[in-house]
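Protein chains: 2
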Amino acid sequence: MAQIQRNQPLYEQLMWRIKAQVASGVLIIGEKLPSVREMALIEGLNPNTVAKAYRALENQNVIETVTGKGTFIRANDEFTADEQLIAILQEQLGEVVIEAKRASISVQELHQWLDSCYSGKPHSPRRMHGISH
Amino acid sequence: MAQIQRNQPLYEQLMWRIKAQVASGVLIIGEKLPSVREMALIEGLNPNTVAKAYRALENQNVIETVTGKGTFIRANDEFTADEQLIAILQEQLGEVVIEAKRASISVQELHQWLDSCYSGKPHSPRRMHGISH
DNA sequence: CTAAGTGTACCGCGTAACATAGTACACGTG
DNA sequence: CACGTGTACTATGTTACGCGGTACACTTAG
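Read top to bottom, the protein sequences are chains A and B.
With UniProt numbering applied, the first sequence corresponds to residues 1 to 133, in that order.
With UniProt numbering applied, the second sequence corresponds to residues 1 to 133, in that order.
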């Protein structure tokens, strides 16, 4: 095992970290990412794990890799929404909603979460229904 | 392997199928689920796999199991939203949103998806934004 | 050209999760 | 009692994950 018990593979966690930075504007188009070995030192991972994340990100057209130079953030021009991707996203959203309903989370609050995720990063503080201890 | 290549474990798929039926009202509180061995025949799974799903669902207070009688849908009274669960849901929602943004899906459409998931089941047909090449 | 840095491709190893098969036990109902 | 119920356990095989190590092709800087 790597560090702690996670339910998500390490290379996927790294992928989401990079994706989030791209979406939030921390990483700009054309910017160079740390090399595989460098990122491995930064994140405390094995270079192979980082390489696996980079390879997967390139398959999703998030980054572009030039064999001797490095990996760079890629512009997502002409990214047509695949029908299969739509279905997956709707299913994943459905799972979140089912859990949220069980947790007695209102639709309004979910809409606020959605806007928070879509616009910037931070989530608005959770509004408890009349609790204050 | 069981049937086809899935990225989600079989027992989790069964869990979500049951959860969705509970959320949509197909399964009512107190209703009896098929027995472990019966469900195994229906779904084409191993009884152990079904038992694993049932055990996990009981840990989440979705169903109630009486040792000699069977398993029944449970009312989720007094289900307080755990802070950790909130964080997980927000993170999962964030992942969906990041992917949706990359796929050029508008916020409005995501809100429609959310409402569809929350109220009933079927998704409204996907509205293309004026593209016809 | 040489050297360093880059991504990539392997192979092996160990751990864990997943799914199956089979058996057995404790419980409730008829 | 016999039957169906959930549960527990052992065992086997497969797969994914992560690490370690090595090697190769490529680009850039010296």
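The C-beta atom is built at its ideal place from N, Cα and C for all residues, glycine as well.
Residue from the options whose Cα sits closest to the Cα of residue i
i: Ala75 of chain B; options: B:Gln84, B:Glu64, B:Ala81, B:Glu83; result: B:Glu64
i: Leu114 of chain B; options: A:His123, A:Gln112, A:Glu99, A:Leu93; result: A:Leu93
i: Gly68 of chain B; options: B:Leu14, B:Glu12, B:Val36, B:Gln21; result: B:Val36
i: Ala20 of chain B; options: A:Ser24, A:Tyr54, A:Lys101, A:Gln112; result: A:Lys101
i: Ile28 of chain A; options: A:Ala53, A:Glu58, A:Val62, A:Val96; result: A:Val62
i: Tyr54 of chain A; options: A:Leu10, A:Asp77, A:Val97, A:Glu95; result: A:Leu10
Outcome for residue i when other beta-carbon atoms lying within 10 angstroms are tallied against a minimum of 16
i: Ile73 of chain B; result: buried
i: Gly130 of chain B; result: Residue placement at Gly130 of chain B is flagged as unreliable, the pLDDT there being 45, under the threshold of 50; the coordinate-derived value follows with that caveat. The residue in question, Gly130 of chain B, is exposed, as its Cβ has fewer than 16 Cβ neighbours within 10 Å.
i: Leu110 of chain B; result: buried
i: Glu31 of chain B; result: exposed
i: Ile18 of chain A; result: buried
i: Ala87 of chain B; result: exposed
i: Thr71 of chain A; result: buried
i: Thr80 of chain B; result: exposed
i: Val22 of chain A; result: buried
i: Thr26 of chain A; result: At residue 26 of chain A the sequence reads Val, which differs from the Thr that was named. Val26 of chain A should be labelled exposed.
Residue i versus residue j - alpha carbon distance
i: Ser106 of chain A; j: Ala40 of chain A; result: 41 Å
i: Leu89 of chain A; j: Glu83 of chain A; result: 10 Å
i: Glu12 of chain A; j: Glu38 of chain B; result: 37 Å
i: Pro34 of chain B; j: Ile42 of chain B; result: 9 Å
i: Gly44 of chain A; j: Leu85 of chain B; result: 27 Å
i: Glu99 of chain A; j: Met15 of chain B; result: 12 Å
i: Ala56 of chain B; j: Val66 of chain B; result: 15 Å
i: Tyr118 of chain A; j: Pro47 of chain B; result: 42 Å
i: Ser104 of chain A; j: Glu58 of chain B; result: 18 Å
i: Gln60 of chain A; j: Gln112 of chain B; result: 26 Å
i: Asn7 of chain B; j: Glu91 of chain B; result: 19 Å
i: Val97 of chain A; j: Lys52 of chain B; result: 23 Å
i: Gln108 of chain B; j: Thr49 of chain A; result: 37 Å
i: Ser24 of chain A; j: Ser116 of chain A; result: 12 Å
i: His123 of chain A; j: Glu95 of chain A; result: 20 Å
Problem set entry | Whole runs of the beta strand (DSSP E) within the UniProt domain "HTH gntR-type" (8-76) of chain B, excluding any shorter than 3 residues | Listed in chain order, they are 63-66, 70-73.
Exercise. Can you list, in chain order, the stretches of the alpha helix (DSSP H) that have 4 or more residues and sit fully within the stretch 80-124 of chain B?
Worked result: Runs of the alpha helix (DSSP H) inside the stretch 80-124 of chain B: 83-102, 107-119.
For this session: May I ask you to list, following chain order, the residues of the stretch 91-106 of chain B that have a beta carbon less than 8 Å from some beta carbon of chain A?
Result: Flagged, chain order: Gln92, Leu93, Gly94, Glu95, Val96, Val97, Ile98, Glu99, Ala100, Lys101, Arg102, Ala103, Ser104, Ile105.
Exercise. Closer than 9 Å, Cβ to any Cβ of chain A: which residues of the stretch 61-86 of chain B, in chain order?
Worked result: Within the stretch 61-86 of chain B, the residues whose Cβ lies closer than 9 Å to some Cβ of chain A are Asn61, Val62, Asn76, Phe79, Thr80, Ala81, Asp82, Glu83, Leu85, Ile86, listed in chain order.
Exercise. Any residues in the stretch 105-120 of chain B with a beta carbon nearer than 8 Å to a beta carbon of chain A? Which ones, in chain order?
Worked result: Within the stretch 105-120 of chain B, the residues whose Cβ lies closer than 8 Å to some Cβ of chain A are Ile105, Val107, Leu110, His111, Trp113, Leu114, Asp115, Cys117, Tyr118, listed in chain order.
Exercise. When Cβ atoms are compared, which residues of the stretch 18-50 of chain A fall closer than 8 Å to chain B?
Worked result: If the cut-off is 8 Å between Cβ atoms, the stretch 18-50 of chain A has Lys19, Ala20, Ala23 near chain B.
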